[in-house]
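Numbering (this note's numbering), first residue to last: 287 to 339. The beta-carbon is built from N, C-alpha and C at its ideal position, and this holds for glycine as well. As the structure is a computational prediction, the values presented were derived from the model and not from experiment.
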Amino acid sequence: EQGRKPMVGPYTTLLYDIKMVSFQTRAQFDKEREVEQKKAEAEKLKAKTEEAG
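What follows is the structure, given as structure tokens:
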């Protein structure tokens with residue numbers, strides 16, 4: 287039982303990756319993630335500006 291446990295993580299991740307790829311292309315996924323990151327950065331910047339002001 288304990289010897290098989292480490293295999294569960296990568297296998298589940300692999301299945302998830304395959305599902306993601308089937309729903310949308312890798313490029314779309316990367317683009318959306320980039321947009322989310324930029325939004326988060328903008329929020330942080332806004333918070334900093336409000337603190338300073």
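Euclidean distance between Cα positions of residue i and residue j
i, j, result
"Asp316", "Lys325", "14 angstroms"
"Lys330", "Arg319", "17 angstroms"
"Gln314", "Glu322", "12 angstroms"
"Ala338", "Ala328", "15 angstroms"
"Arg312", "Lys334", "33 angstroms"
Three-state secondary structure assigned by DSSP to residue i
i, result
"Thr335", "helix"
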